[in-house]
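Trainee:
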Amino acid sequence: MGGVIAGFGVIACVIVTGYVLGRRGLLGSSGPEILTRLAFHVATPALLFETMAKADLRVLVSDQILITALTTFAVAALYCAAAALRRWPPGESTVGAMCACYVNAGNLGIPISAYVLGDASLVAPVILFQLLVVSPVALTALDVFSAPSGREPGERPGVIRVLTTPLRNPIVIGSLGGVAVAATGVRLPAPVLEPFHLVGAMSVPAVLLAFGMSLRGSAVLSREHDRSPVLLAVVLKTVVQPLVAWALGAGVFQLPRAALFAVVVTSALPSAQNLFAYASRYGTGTRLARESILVSTLAAAPALVLVAALLG
Numbered sequence: 004m005g006g007v008i009a010g011f012g013v014i015a016c017v018i019v020t021g022y023v024l025g026r027r028g029l030l031g032s033s034g035p036e037i038l039t040r041l042a043f044h045v046a047t048p049a050l051l052f053e054t055m056a057k058a059d060l061r062v063l064v065s066d067q068i069l070i071t072a073l074t075t076f077a078v079a080a081l082y083c084a085a086a087a088l089r090r091w092p093p094g095e096s097t098v099g100a101m102c103a104c105y106v107n108a109g110n111l112g113i114p115i116s117a118y119v120l121g122d123a124s125l126v127a128p129v130i131l132f133q134l135l136v137v138s139p140v141a142l143t144a145l146d147v148f149s150a151p152s153g154r155e156p157g158e159r160p161g162v163i164r165v166l167t168t169p170l171r172n173p174i175v176i177g178s179l180g181g182v183a184v185a186a187t188g189v190r191l192p193a194p195v196l197e198p199f200h201l202v203g204a205m206s207v208p209a210v211l212l213a214f215g216m217s218l219r220g221s222a223v224l225s226r227e228h229d230r231s232p233v234l235l236a237v238v239l240k241t242v243v244q245p246l247v248a249w250a251l252g253a254g255v256f257q258l259p260r261a262a263l264f265a266v267v268v269t270s271a272l273p274s275a276q277n278l279f280a281y282a283s284r285y286g287t288g289t290r291l292a293r294e295s296i297l298v299s300t301l302a303a304a305p306a307l308v309l310v311a312a313l314l315g
């Protein structure tokens with residue numbers, strides 16, 4: 004259980020630091036926006052380029068990645084179906100669907116995989132799948148349904164803009180650039196990667212600090228707002244996604260116990276903090292992202308302990 008406690012403890016410390024910064028106003032009222040822009044446009048693309056450039060792409064061919072893909076799409080489809088029935092705004096629904104299925108495989112998944120599963124590389128397929136498949140699709144949807152880059156709300160982008168959206172997104176560009184390097188088999192020298200490492204190291208702290216600052220004066224699950232989108236995202240993320248992963252792993256793919264444990268643990272991880280940066284960047288579903296991330300992170304701790312007790 005040490006990995007679970009350590010992973011959550013590190014995240015909590017940085018978020019609390021951001022909250023204190025927000026309370027004292029040390030970075031001004033525009034502090035959270037500056038941090039999220041820095042993370043979205045500079046730090047995260049650098050981090051993803053370095054990560055993907057050194058990745059072993061062979062992990063993409065495995066039962067684990069197939070189960071992850073099926074589970075992700077199933078949970079996202081459930082959220083989108085509910086959102087369509089309730090007629091929630093499409094941009095906000097896209098953020099909610101991501102909160103329901105996009106796991107914190109990086110800054111929380113890596114330490115938990117290392118300490119709970121005994122191998123940090125077991126989370127690599129999840130990271131690659133989310134970066135190469137889920138992020139481009141979701142960010143394209145956000146670009147279509149929202150109004151970044153000066154486009155007026157409700158104005159529909161042209162076909163060319165929709166098709167080329169992934170190629171203009173800094174996060175996707177950083178990921179694909181790293182994949183291109185990894186696919187060639189070339190290992191970039193340390194002096195070349197070092198600038199990406201230094202800048203990329205700002206990504207996770209910047210997002211967590213901005214997230215903590217955004218909590219100032221924000222009531223979680225307030226009765227003033229419709230709590231259904233948040234509650235649906237948290238239930239799907241914390242309960243349904245790991246159950247679907249277990250059902251597929253045990254009943255369909257008949258994975259060995261150790262592999263099944265790894266798949267369910269990674270599926271039970273909470274919503275990723277970088278979703279808050281995405282929502283902030285596109286100006287939609289910010290409250291939904293903030294509350295879903297916070298509540299799912301709090302709920303993930305007992306959920307992971309239960310998974311470890313049953314399958315570990």
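Residue numbers 4 to 315, in the numbering used here, belong to the letters of the sequence shown in order. The beta carbon of each residue, even a glycine, is placed where N, CA and C say it ideally should be.
Buried or exposed: where does residue 127 fall if 16 or more other Cβ atoms within 10 Å of its Cβ makes it buried?
Mentor: Translated into the one-based positions of the sequence shown, residue 127 becomes position 124. Sixteen is the threshold: when 16 or more other Cβ atoms of the shown chains lie within 10 Å of the Cβ of residue 127, as they do, the residue is buried.
Trainee: Answer yes or no: do residue 141 and residue 60 have a C-beta to C-beta separation smaller than 8 Å?
Mentor: Within the sequence shown, residue 141 is the residue found at index 138, counting from 1. Within the sequence shown, residue 60 is the residue found at index 57, counting from 1. Cβ atoms of residue 141 and residue 60: not closer than 8 Å.
Trainee: Please go through the same chain and pick out, in chain order, the residues whose beta-carbon is closer than 8 Å to the beta-carbon of residue 231, but skip the five residues on each side of it.
Mentor: Locating residue 231 in the sequence shown gives position 228, where the first residue counts as 1. So the qualifying residues of the chain are 89.
Trainee: Determine the DSSP secondary structure at residue 106, reduced to helix, strand or coil.
Mentor: Along the sequence shown, read from residue 1 onward, the residue named residue 106 stands at position 103. Annotated three-state conformation of residue 106 is strand, per DSSP.
Trainee: To the nearest angstrom, how far is the alpha carbon of residue 116 from that of residue 260?
Mentor: The residue given as residue 116 occupies position 113 in the sequence shown. The residue given as residue 260 occupies position 257 in the sequence shown. C-alpha separation (whole angstroms): 15 Å.
Trainee: Can you list, in chain order, the stretches of the alpha helix (DSSP H) that have 4 or more residues and sit fully within the segment 256 to 305?
Mentor: 260 to 270 and 277 to 285
Trainee: Evaluate the contact criterion for the segment 94 to 103 versus the segment 36 to 54: three or more CB pairs, one atom per stretch, below 8 Å.
Mentor: no
Trainee: How would you call residue 53, buried or exposed, if buried means at least 16 neighbouring beta carbons within 10 angstroms?
Mentor: Counted from its first residue, the sequence shown places residue 53 at position 50. So residue 53 ends up on the buried side.
Trainee: If you check the beta carbons only, do residue 270 and residue 102 fall under 8 Å apart?
Mentor: Here the question's residue 270 lines up with position 267 in the sequence shown. Here the question's residue 102 lines up with position 99 in the sequence shown. No. Outside cutoff.
Trainee: Answer yes if the segment 262 to 276 comes into contact with the segment 296 to 311, meaning at least three C-beta pairs across the two stretches below 8 Å, and no otherwise.
Mentor: yes
Trainee: Just confirm the distance between the C-beta atoms of residue 256 and residue 70, as a whole number of angstroms; I'd bet it's less than 8 Å.
Mentor: Walking along the sequence shown from the start, residue 256 turns up at place 253. Walking along the sequence shown from the start, residue 70 turns up at place 67. Rounded, the Cβ-Cβ distance is 6 Å, consistent with contact.
Trainee: Assign residue 48 to buried or exposed, taking buried as 16 or more other Cβ atoms, counted over all protein chains shown, within 10 Å of its Cβ.
Mentor: Stepping through the sequence shown from its first residue, residue 48 is reached at position 45. The residue is buried, with at least 16 neighbouring Cβ atoms inside 10 Å.
Trainee: Give me the Cα-Cα distance between residue 252 and residue 266, rounded to the nearest whole angstrom.
Mentor: Taking the first residue of the sequence shown as position 1, residue 252 is located at position 249. Taking the first residue of the sequence shown as position 1, residue 266 is located at position 263. If you take the alpha carbons of residue 252 and residue 266, they lie about 8 Å apart.
Trainee: Could you give the residue range of the alpha helix (DSSP H) that holds residue 241?
Mentor: Position 238 of the sequence shown, counting from 1, holds the residue named residue 241. Careful: residue 241 lies outside any alpha helix (DSSP H) and carries neither H nor E.
Trainee: So, residue 216 versus residue 50, is the Cβ gap smaller than 8 Å?
Mentor: Counting from 1 along the sequence shown, the entry for residue 216 is found at position 213. Counting from 1 along the sequence shown, the entry for residue 50 is found at position 47. Contact: no.
Trainee: Going by other Cβ atoms of all chains shown within 10 Å of its Cβ, with 16 needed for buried, is residue 138 buried or exposed?
Mentor: By one-based count along the sequence shown, residue 138 stands at place 135. With 16 or more Cβ atoms within 10 Å of its Cβ, residue 138 is classed as buried.
Trainee: Select from 108, 136, 133 and 135 the residue whose C-alpha is nearest the C-alpha of residue 125.
Mentor: For the purposes of this step, residue 125 is taken as the residue at position 122 of the sequence shown. Between residue 125 and the set 108, 136, 133 and 135, the nearest pair of CA atoms involves 108.
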